[in-house]
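Residue 2 is where the sequence shown starts when you use our numbering, and the numbers rise one by one after that. For each residue, glycine too, the CB sits at the ideal point set by N, CA and C. Every value quoted in this text rests on a predicted model; they were computed, and no experiment measured them.
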Amino acid sequence: MPVVAWELLRLGAFAFGGLGATLALLQRGLIDRRGWLQQHDISEALAITQALPGSTGIQVVAYLGWRLRGWPGALVAAAAFIAPATALMIVVAAASLALPDQPWVKGALTGIQVAVVGLIVAAMWRLARNQAKTAMFTAVLLASCVLGFFVHAVLIVVGAGLIGAVLGKEKSDG
(Lines of atoms letter the chains of each structure in order from A and count residues from 1; the text may use other names and numbers.)
(Lines give C-alpha, C1' and ligand atoms only; values in the text may rest on other atoms or scores of the structure.)
Protein backbone atom coordinates (compact mmCIF):
# COMPACT_ATOMS: atom_id res chain seq x y z
CA MET A 1 0.00 0.00 0.00
CA PRO A 2 2.82 2.52 0.63
CA VAL A 3 3.88 2.25 -3.03
CA VAL A 4 0.33 3.06 -4.17
CA ALA A 5 0.16 6.00 -1.74
CA TRP A 6 3.51 7.35 -2.93
CA GLU A 7 2.56 7.04 -6.61
CA LEU A 8 -0.76 8.84 -6.10
CA LEU A 9 0.92 11.51 -3.95
CA ARG A 10 3.45 12.04 -6.75
CA LEU A 11 0.74 12.18 -9.41
CA GLY A 12 -1.37 14.50 -7.27
CA ALA A 13 1.55 16.90 -7.01
CA PHE A 14 1.57 17.31 -10.80
CA ALA A 15 -2.15 17.07 -11.62
CA PHE A 16 -2.58 20.65 -12.75
CA GLY A 17 -5.44 21.52 -15.05
CA GLY A 18 -8.50 19.56 -14.10
CA LEU A 19 -9.93 16.29 -15.29
CA GLY A 20 -8.26 16.00 -18.69
CA ALA A 21 -4.79 16.64 -17.33
CA THR A 22 -5.49 14.30 -14.42
CA LEU A 23 -6.56 11.50 -16.75
CA ALA A 24 -3.40 11.96 -18.82
CA LEU A 25 -1.24 11.77 -15.68
CA LEU A 26 -3.08 8.72 -14.37
CA GLN A 27 -2.60 6.97 -17.70
CA ARG A 28 1.12 7.72 -17.78
CA GLY A 29 1.67 6.88 -14.11
CA LEU A 30 -0.56 3.89 -13.46
CA ILE A 31 -0.67 2.30 -16.92
CA ASP A 32 2.40 3.31 -18.93
CA ARG A 33 4.93 3.65 -16.10
CA ARG A 34 3.77 1.17 -13.45
CA GLY A 35 1.66 -1.25 -15.53
CA TRP A 36 -0.79 -1.65 -12.63
CA LEU A 37 -3.93 -0.98 -14.68
CA GLN A 38 -5.12 -0.94 -18.27
CA GLN A 39 -6.69 1.82 -20.36
CA HIS A 40 -10.15 0.31 -19.98
CA ASP A 41 -9.85 0.74 -16.18
CA ILE A 42 -9.61 4.51 -16.57
CA SER A 43 -12.38 4.57 -19.17
CA GLU A 44 -14.61 2.47 -16.91
CA ALA A 45 -13.85 4.71 -13.92
CA LEU A 46 -14.68 7.79 -15.96
CA ALA A 47 -17.95 6.32 -17.24
CA ILE A 48 -19.09 5.35 -13.75
CA THR A 49 -18.05 8.55 -12.02
CA GLN A 50 -19.57 10.87 -14.64
CA ALA A 51 -22.99 9.90 -13.29
CA LEU A 52 -22.06 10.87 -9.72
CA PRO A 53 -22.15 14.31 -8.12
CA GLY A 54 -18.87 15.85 -7.02
CA SER A 55 -15.33 16.00 -8.33
CA THR A 56 -14.92 13.46 -11.10
CA GLY A 57 -11.12 13.50 -10.89
CA ILE A 58 -11.03 12.48 -7.23
CA GLN A 59 -13.73 9.88 -7.84
CA VAL A 60 -11.71 8.38 -10.69
CA VAL A 61 -8.64 8.21 -8.43
CA ALA A 62 -10.67 6.57 -5.64
CA TYR A 63 -12.11 4.04 -8.11
CA LEU A 64 -8.66 3.20 -9.44
CA GLY A 65 -7.36 2.85 -5.87
CA TRP A 66 -10.23 0.45 -5.22
CA ARG A 67 -9.28 -1.54 -8.34
CA LEU A 68 -5.72 -1.78 -7.05
CA ARG A 69 -6.24 -2.50 -3.32
CA GLY A 70 -9.97 -2.58 -2.48
CA TRP A 71 -11.59 -0.10 -0.10
CA PRO A 72 -8.38 0.73 1.78
CA GLY A 73 -6.77 1.46 -1.59
CA ALA A 74 -9.61 3.81 -2.52
CA LEU A 75 -9.22 5.79 0.69
CA VAL A 76 -5.43 5.93 0.53
CA ALA A 77 -5.40 6.83 -3.17
CA ALA A 78 -7.90 9.68 -2.75
CA ALA A 79 -6.19 11.10 0.35
CA ALA A 80 -2.71 10.88 -1.18
CA PHE A 81 -3.85 12.41 -4.46
CA ILE A 82 -5.53 15.47 -2.93
CA ALA A 83 -2.87 16.18 -0.28
CA PRO A 84 -0.47 18.14 -2.55
CA ALA A 85 -3.25 20.23 -4.11
CA THR A 86 -4.73 21.02 -0.73
CA ALA A 87 -1.38 22.18 0.65
CA LEU A 88 -0.63 24.19 -2.50
CA MET A 89 -4.07 25.81 -2.50
CA ILE A 90 -3.51 27.09 1.03
CA VAL A 91 -0.18 28.63 -0.05
CA VAL A 92 -1.64 30.12 -3.27
CA ALA A 93 -4.63 31.58 -1.44
CA ALA A 94 -2.31 33.30 1.02
CA ALA A 95 -0.05 34.56 -1.80
CA SER A 96 -2.96 35.86 -3.89
CA LEU A 97 -3.97 38.11 -1.02
CA ALA A 98 -0.45 39.55 -1.01
CA LEU A 99 -0.30 40.06 -4.83
CA PRO A 100 -3.70 41.37 -5.96
CA ASP A 101 -4.04 42.59 -9.57
CA GLN A 102 -0.43 41.97 -10.60
CA PRO A 103 -0.23 41.80 -14.44
CA TRP A 104 2.41 39.06 -14.39
CA VAL A 105 0.20 36.90 -12.17
CA LYS A 106 -2.76 37.31 -14.53
CA GLY A 107 -0.51 36.53 -17.53
CA ALA A 108 0.87 33.41 -15.87
CA LEU A 109 -2.63 32.17 -15.09
CA THR A 110 -3.77 32.76 -18.68
CA GLY A 111 -0.76 30.83 -20.00
CA ILE A 112 -1.48 27.95 -17.66
CA GLN A 113 -5.15 27.88 -18.69
CA VAL A 114 -4.26 27.67 -22.39
CA ALA A 115 -1.79 24.84 -21.76
CA VAL A 116 -4.39 22.97 -19.71
CA VAL A 117 -6.89 23.11 -22.58
CA GLY A 118 -4.26 21.48 -24.79
CA LEU A 119 -3.64 18.76 -22.19
CA ILE A 120 -7.37 18.09 -21.92
CA VAL A 121 -7.71 17.75 -25.70
CA ALA A 122 -4.74 15.34 -25.81
CA ALA A 123 -6.14 13.20 -22.97
CA MET A 124 -9.59 13.07 -24.53
CA TRP A 125 -8.10 12.12 -27.90
CA ARG A 126 -6.28 9.16 -26.31
CA LEU A 127 -9.46 8.04 -24.54
CA ALA A 128 -11.53 8.36 -27.73
CA ARG A 129 -9.02 6.36 -29.79
CA ASN A 130 -9.07 3.53 -27.27
CA GLN A 131 -12.85 3.37 -26.86
CA ALA A 132 -14.39 4.02 -30.28
CA LYS A 133 -13.32 0.75 -31.88
CA THR A 134 -16.53 0.06 -33.83
CA ALA A 135 -18.63 2.23 -36.11
CA MET A 136 -21.50 2.15 -33.61
CA PHE A 137 -19.37 3.26 -30.67
CA THR A 138 -17.74 5.93 -32.84
CA ALA A 139 -21.26 7.19 -33.60
CA VAL A 140 -22.08 7.18 -29.87
CA LEU A 141 -18.87 9.12 -29.19
CA LEU A 142 -19.62 11.75 -31.83
CA ALA A 143 -23.27 12.05 -30.77
CA SER A 144 -22.15 12.49 -27.16
CA CYS A 145 -19.82 15.31 -28.21
CA VAL A 146 -22.64 17.16 -29.94
CA LEU A 147 -25.25 16.43 -27.26
CA GLY A 148 -22.81 17.60 -24.61
CA PHE A 149 -23.59 21.18 -25.64
CA PHE A 150 -27.32 20.76 -25.09
CA VAL A 151 -28.05 17.83 -22.76
CA HIS A 152 -27.03 17.12 -19.16
CA ALA A 153 -24.06 14.73 -18.93
CA VAL A 154 -25.98 12.23 -16.78
CA LEU A 155 -28.58 11.74 -19.53
CA ILE A 156 -25.86 11.21 -22.13
CA VAL A 157 -24.01 8.69 -19.95
CA VAL A 158 -27.19 6.77 -19.10
CA GLY A 159 -28.30 6.78 -22.75
CA ALA A 160 -24.91 5.58 -23.96
CA GLY A 161 -24.94 2.87 -21.30
CA LEU A 162 -28.34 1.68 -22.50
CA ILE A 163 -27.14 1.64 -26.10
CA GLY A 164 -24.05 -0.31 -25.06
CA ALA A 165 -26.16 -2.78 -23.06
CA VAL A 166 -28.49 -3.39 -26.00
CA LEU A 167 -25.61 -3.76 -28.46
CA GLY A 168 -23.75 -6.06 -26.07
CA LYS A 169 -26.86 -8.22 -25.63
CA GLU A 170 -27.42 -8.41 -29.39
CA LYS A 171 -23.81 -9.49 -29.96
CA SER A 172 -24.03 -12.19 -27.29
CA ASP A 173 -27.41 -13.39 -28.65
CA GLY A 174 -26.20 -13.54 -32.25
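Minimum C-alpha distance to residue i - residue among the options
i	options	result
F17	G149, M137, V159, G119	G119
F15	S56, K134, T87	T87
V155	D102, G55, V122	G55
Q51	V158, L168, I164	V158
G21	A81, T135, A124, F138	A124
A81	L168, G162, L12, A161	L12
L9	L89, L47, A75, V147	A75
V61	R34, P3, A166, Q28	Q28
A46	D33, W105, A63	A63
I164	G149, H153, A140, V147	A140
Counted within 10 angstroms of its Cβ, other Cβ atoms place residue i as buried (16 or more) or exposed
i	result
R68	buried
I91	exposed
I43	buried
G71	exposed
L26	buried
A106	Ala is not the amino acid found at residue 106; the sequence shown has Val there. That one is exposed.
Under 8 Å between C-beta atoms of residue i and residue j
i	j	result
L38	L31	yes
I59	I83	yes
Q132	L142	yes
G66	A48	no
S145	A166	no
M2	P73	yes
L168	M137	yes
G19	V117	yes
For this session: Inspect the CB distances between the stretch 83 to 101 and the stretch 124 to 134 and report whether three or more fall short of 8 Å.
Result: By the Cβ test, the stretch 83 to 101 is not in contact with the stretch 124 to 134, since fewer than three Cβ pairs between them sit closer than 8 Å.
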